[in-house]
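Undergrad: If you're matching positions, the sequence shown starts at 102 in our numbering and goes up one per residue. This is the structure I want to talk about, given as structure tokens.
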Amino acid sequence: MTHHALEIVLTRPLSPQALHRAARVLPLAANHDATHLMALVRARTPHRAAHRLRRRLDGLLPIDVITTHYPDADHKILLNVAFPPATHAVLKAEADRAAQSPGRFVELALHRALAEHTSQEIDRLSQILRRMLAHTTPAHLLFAVGHALTPLPESPTP
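Set out below in structure tokens:
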């Protein structure tokens with residue numbers, strides 16, 4: 102069995118006491134505001150690891166989403182979401198109408214939403230670039246982008 106790195110996204114920040122209680126069940130690492138946690142879970146597959154993690158911590162933490170921290174060989178990240186019963190019923194009905202499993206239905210909906218977001222972001226950036234190019238040359242703009250993205254070495258403090 103291998104260890105799987107999982108990220109837990111919480112619906113609200115944890116108090117130090119709640120984090121301590123949960124960490125007694127399973128070692129956890131928290132970000133600065135305790136809204137994201139990391140855990141290593143031993144299991145044969147990432148699916149089993151996420152299921153095991155949810156089963157152990159669900160009553161202790163306000164878990165929103167569990168994801169694998171690293172992509173798999175297909176560059177995919179596992180997403181483990183527990184929907185409330187009413188939401189799950191609607192989701193299942195929509196998936197049935199589309200002749201898909203609920204998991205596949207959510208996966209395709211997420212792909213569509215991410216593609217739409219990417220398209221909108223590209224359009225937004227293209228418009229900004231066109232406005233910038235109206236006032237400068239492509240060479241100057243490229244130089245400015247390179248300058249902005251290149252980290253400068255720290256200057257010594259006297």
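Don't be surprised by glycine CBs; every beta carbon is placed ideally from N, CA and C.
Which whole-angstrom value is the C-beta distance of A135 and P114, which I expect to be below 8 Å?
TA: Confirmed, Cβ separation roughly 5 Å.
Undergrad: Tell whether a beta-carbon distance below 8 Å holds between L107 and A150.
TA: Cβ atoms of L107 and A150: closer than 8 Å.
Undergrad: What's the gap between the Cα of H236 and the Cα of L243?
TA: So the alpha carbons of these two residues sit roughly 13 Å apart.
Undergrad: For the candidate residues H148, T169, H152, whose alpha-carbon lies nearest to that of L138?
TA: It is T169 whose Cα lies nearest to the Cα of L138.
Undergrad: Under a three-way DSSP split, which group does M233 fall into?
TA: Correct three-state label for M233: helix.
Undergrad: Which residue marks the beginning of the beta strand (DSSP E) containing T168, and which one marks its end?
TA: It spans 164 to 169 - the beta strand (DSSP E) in which T168 sits, taken as one unbroken run.
Undergrad: Does the separation of the CB atoms of V110 and L161 fall below 8 Å?
TA: It is not a contact, given that the beta carbons lie outside the stated cut-off.
Undergrad: For L209 and D159, what's the separation of their Cα atoms in angstroms?
TA: Cα to Cα, the separation comes out at about 26 Å.
Undergrad: What is the DSSP secondary structure of T188, counted as helix, strand or coil?
TA: T188: helix per DSSP, three-state reduction.
Undergrad: Provide the residue(s) that pair with H137 in DSSP beta bridges, ordered along the chain.
TA: V110, per the DSSP bridge assignment.
Undergrad: Buried or exposed: where does H133 fall if 16 or more other Cβ atoms within 10 Å of its Cβ makes it buried?
TA: Under this definition H133 is an exposed residue.
Undergrad: Within the same chain, show all residues whose beta-carbon is closer than 8 Å to that of Q201, passing over the 5 residues directly before and after it, in chain order.
TA: These residues qualify, in order along the chain: L209.
Undergrad: Answer yes or no: do H121 and P147 have a C-beta to C-beta separation smaller than 8 Å?
TA: Against a cut-off of 8 Å, the Cβ pair of P147 and H121 comes out as no contact.
Undergrad: At which residues does the alpha helix (DSSP H) containing L243 begin and terminate?
TA: 239 to 250 is the span of the alpha helix (DSSP H), which, as asked, contains L243.
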